[in-house]
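A.B. asks: Take a look at this one; I'll ask things after.
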Amino acid sequence: MTRSIECSRITTEVERLCREANCHLGKEEREILEKALEEEVSPEGIGALKLLIENAKIAERDDVPICQDTGAAVIFLELGQDVRIEGGYLYDAINAGVAQGYTNGYLRKSMVFPPVDGKNSGDNTPAIIHTKIVPGDHLTVTVAPKGGGSENMSAVGMLTPAAGYEGVKKFVVDTVKKAGSNPCPPIIVGVGIGGNFEKCALLAKEALLRPAGEASPIAEVAALEKDFLKAINALGIGPQGFGGRVTAMAVHIELFARHIASFPVAVNIQCHAARHKRITL
Amino acid sequence: MPIKSIHTPLTDESVSQLRSGDQVLITGTIYAARDTVHKRLVALLDKGEKLPVDLKGQIVYYVGPTPPRPGKGIGSAGPTTSGRMDPYTPRLIADAGLKGMIGKGLRSQDVKKAILAKKAIYFAAVGGAGALIAKSIKKAEVVAYPELGPEALQALEVEDFPATVINDCYGADLYEEAVAKYAEQ
């Protein structure tokens, strides 16, 4: 049996999610900022964290964007194989929702094409869409706007299997060190280990969709997340790079099988405003 | 530490009173300019042409705001990463008389040298605090390149705009010093 979902409904929901994600920080994402404030020791770091918490409150109250960089619209779809999309093409419906959300919500339009000397598309399309076909008859849409500042500090490393977890840790810590104050710390660090060149990058981004600070369900991976976080926070970068103990608030790691010759690692850096909203239709 | 109030345009004297780590509140006109505007301004300097605004003694703010809601002067307006402007900044300091920059994140050695040579100054605003910072921006007016949308060159009237001095005109760098203080390795 198939179940039908109308394109017009998808467009409406994507519009709403774009606006909500950019103006209303999630519960876990607000709580992790409060936790960072409890843990920070540097006066400059504490000052910066208080401003970030105040900023999130203003955005929530006034329904305005948390950050002026309202991102590229990154959309994750989990499409049940028994769903039938009616009334148009799925990706057109998504892009229409993004265009309406960014226009009606007074969000910034940041997409230019071609990449060199390009023209702004004027409605923040095209969205960057990742689709997974899953069992069942539902469609889950996650809207995760991603700003340029933190995205630019992300990296993929094709390590060798001999590097092991110590090699991964060094690559992650070096990437965060090099990023310094640029990605708006305190950050959340998404790490993808395994797969191949593009798979590890996608894993790192998917890791950021987890509620902020939620540990991996795999005990060994959760232990690695703690260990990496400790090493990152020994760097001293602190909130906004003003110095301090809380450079990162969480490390989220996702794993996938790898080829016997390869050991790819990706680090996707997320600024303090970890924005994502989801709906299942 | 007391918070220092400063007014634009800046002078050698006002810049020399500021030290790395100082908290400041900026009042006056500042100019919103980022990637593409910087490229265009330097292209004009290369051709020996006049810039659309006189930057002598002025402060440039690296920002691309969200559109204002009806009845509002500006949308969210926090800083973007300054490092992308590094290839252009030394020229604007040396040849256009630019005195101050507001952004976030690290600057290149060439920018730091230009700051030192011409008594300029680099401030950080709190990255990702766009809703909060917008409260100190009273008016925004596009002065050139409207076709660039959020990237257009804008004059911003600011009142008590909060920032922190990162690179002062004596060669100090808050990012380097603060990180060294808290690093555990």
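Here the protein sequences line up with chains A and B, keeping their order.
For the first sequence, the working numbering begins at 44 and goes up steadily by one.
For the second sequence, the working numbering begins at -10 and goes up steadily by one.
Glycine included, C-beta positions come from ideal geometry on N, C-alpha and C.
Give me the Cα-Cα distance between B:E130 and B:A144, rounded to the nearest whole angstrom.
C.D. replies: 5 Å
A.B. asks: Spell out whether any CB of chain A is found under 8 Å from the CB atom of B:Y171.
C.D. replies: yes
A.B. asks: What does A:E49 pair with, by DSSP beta-bridge criteria?
C.D. replies: Note: A:E49 is bridge-paired with A:E129 in the DSSP secondary-structure output.
A.B. asks: Would you check if there are 3 or more beta carbon pairs closer than 8 Å linking the stretch 124 to 139 of chain B to the stretch 102 to 111 of chain B?
C.D. replies: no
A.B. asks: Of the choices A:G179, A:R321, A:D217 and A:Y208, whose alpha-carbon is the least far from that of A:D125?
C.D. replies: With distances taken between Cα atoms, A:D125 lies closest to A:G179.
A.B. asks: Do A:L120 and A:H173 have their C-beta atoms within less than 8 Å of each other?
C.D. replies: yes
A.B. asks: Considering only DSSP beta bridges, list what A:R301 is partnered with.
C.D. replies: A:G238
A.B. asks: Excluding sequence positions up to five away, which residues of its chain have a Cβ less than 7 Å from the Cβ of A:G210?
C.D. replies: L202
A.B. asks: Measure the alpha-carbon distance for B:A32 versus A:A247 and round it to whole angstroms.
C.D. replies: Distance between the alpha carbons of B:A32 and A:A247 is about 39 Å.
A.B. asks: Please work out which residues of its chain come closer than 8 Å, Cβ to Cβ, to A:E82, disregarding the five sequence neighbours upstream and downstream, and give them in chain order.
C.D. replies: Within its own chain, the residues whose Cβ lies closer than 8 Å to the Cβ of A:E82, once the five positions on either side in sequence are excluded, are R288 and V289, listed in chain order.
A.B. asks: Using a Cβ distance threshold of 8 Å, determine whether the stretch 157 to 166 of chain A contacts the stretch 265 to 283 of chain A, with at least three qualifying pairs required.
C.D. replies: no
A.B. asks: Tell me whether A:M154 is buried or exposed, calling it buried when 16 or more other Cβ atoms sit within 10 Å of its Cβ.
C.D. replies: buried
A.B. asks: In whole angstroms, give me the CA-to-CA distance for A:L298 and A:L92.
C.D. replies: 31 Å
A.B. asks: Can you tell which of A:S305, A:V294 and A:Y208 has the C-alpha that lies nearest to the C-alpha of A:N311?
C.D. replies: Nearest option by C-alpha distance: A:V294.
A.B. asks: When you compare only the Cα positions, how much space is there between B:V115 and B:T69?
C.D. replies: If I take the Cα positions, the gap works out to 10 Å.
A.B. asks: Closer than 8 Å, CB to CB, is A:S85 near chain B or not?
C.D. replies: yes
A.B. asks: Please report how far the alpha carbon of B:T25 lies from the alpha carbon of B:E140, in whole angstroms.
C.D. replies: 7 Å
A.B. asks: If you reduce the DSSP assignment to three classes, tell me which class B:E146 lands in.
C.D. replies: strand
A.B. asks: Using Cβ-Cβ distances below 8 Å, what residues of the stretch 268 to 300 of chain A are close to chain B?
C.D. replies: Residues A277, L278, G279, I280, G281, Q283, G284, F285, G286, G287 and R288.
A.B. asks: Check whether the Cβ atoms of B:I126 and B:I82 lie closer than 8 Å to each other.
C.D. replies: no
A.B. asks: Would you list the one or two residues that DSSP bridges to A:K189?
C.D. replies: A:A115
A.B. asks: What does A:M201 pair with, by DSSP beta-bridge criteria?
C.D. replies: For A:M201, which the question treats as bridged, DSSP gives the partners A:P307.
A.B. asks: What are the uninterrupted segments assigned as alpha helix (DSSP H) that are 4 or more residues long and contained completely in the stretch 145 to 169 of chain A, given in chain order?
C.D. replies: none
A.B. asks: Across the stretch 54 to 66 of chain A and the stretch 132 to 140 of chain A, are there enough close Cβ pairs to call them in contact, namely three or more that are closer than 8 Å?
C.D. replies: yes
A.B. asks: Cα separation between B:H(-4) and B:E38?
C.D. replies: Looking at the backbone, the Cα of B:H(-4) and that of B:E38 are separated by about 28 Å.
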